[in-house]
Each structure stands twice: as structure tokens, then as C-alpha cells.
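Shown next, in C-alpha cells, is the structure this report addresses.
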Amino acid sequence: MNTFNVNAISNFWTIRAFLPNMLIKNKGHIVTVASIAGKTGFVQMTDYCASKHAVIGLNESLNYELLKHDNNQIKTTIVLPTFFNTTLINGVTPSSVIKIFDADRVADLTIDAILTDQPMIIIP
60 MNTFNVNAIS NFWTIRAFLP NMLIKNKGHI VTVASIAGKT GFVQMTDYCA SKHAVIGLNE
120 SLNYELLKHD NNQIKTTIVL PTFFNTTLIN GVTPSSVIKI FDADRVADLT IDAILTDQPM
180 IIIP
């Protein structure tokens, strides 16, 4: 349950804390980090994949909720990286199929996506 709390529930509570003021000011940008694992399953990663799928669903539902507000200027970006250098992938060896990104590179690509108002970025 800890994986789900950290990866999914934390996004819900963070959005719930900040969204009301964003709606009052009619501006803001919400970034959620899911994973390509939220779109497809991986062996021995069921809890992780389920938690990231929940983040994708949260982001999609949030976008529909935001459509209810006239002239809404709140943007969202969901980031779907494959693998980047964290303790989750200790022992995984990069190959021609699996590329492991540095976390700084993922952050740079995320910032670019925010600045260009990309609703989704997949980092292969």
C-alpha cells in the first residue's frame, strides 16, 4: 500500500491543496509524474504499475473537471518516463531496448514540456 500512497494518493492530496487557489486566480500549471508503466504492465511490478495507472486516471479526470470552468487558464502536464536512474531500477542494465535516463534529463524535458504547454510528455 505504501507504493500506492506515495505514487497516487500523494498526487491527489497535493492537487486538492493547491487547486482551489488556482481556480480563484484562474491560472496555474499542475504537473503529475506517472510512468510508461501506467500504460502497460511489467513483470513483478504490479503495485507500481497500478499506482502509476491511477495517476494517469487522476490527470485525465482532472482535465475533464477543469473543462467545467469558463476561460480556464489552468494547464496540466503528465510526464510518462520509461526508466530513469532511481533506486527502483537498481540492477537493471541498459540495453538497446531499455534506455535509462538520468533524473536531471527527465527534469529538463519536463520543464520544456511545461514551458511549451504540452499536456503529455512520454520520455522513451
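Counting the sequence shown from 1 gives a position; the numbering used here is that position plus 59. C-beta atoms are modelled at their ideal positions from N, C-alpha and C, and glycine is treated no differently.
Residue burial classification, residue i (beta-carbon count within 10 angstroms, cutoff 16)
| i | result |
| --- | --- |
| P140 | buried |
| S120 | exposed |
| A162 | exposed |
Where the beta strand (DSSP E) containing residue i begins and where it ends
| i | result |
| --- | --- |
| K84 | Element bounds for K84: not the beta strand (DSSP E) but the alpha helix (DSSP H), S69 to K84. |
| H88 | G87 to V92 |
| K134 | I133 to P140 |
Whole-angstrom distance between residue j and residue i, CA atom to CA atom
| i | j | result |
| --- | --- | --- |
| N66 | I95 | 13 Å |
| K84 | M60 | 35 Å |
| I74 | V102 | 30 Å |
| K127 | V90 | 19 Å |
| F71 | T135 | 14 Å |
| H112 | G100 | 10 Å |
| Y107 | G116 | 14 Å |
Host alpha helix (DSSP H) of residue i (start-end)
| i | result |
| --- | --- |
| I170 | A162 to L174 |
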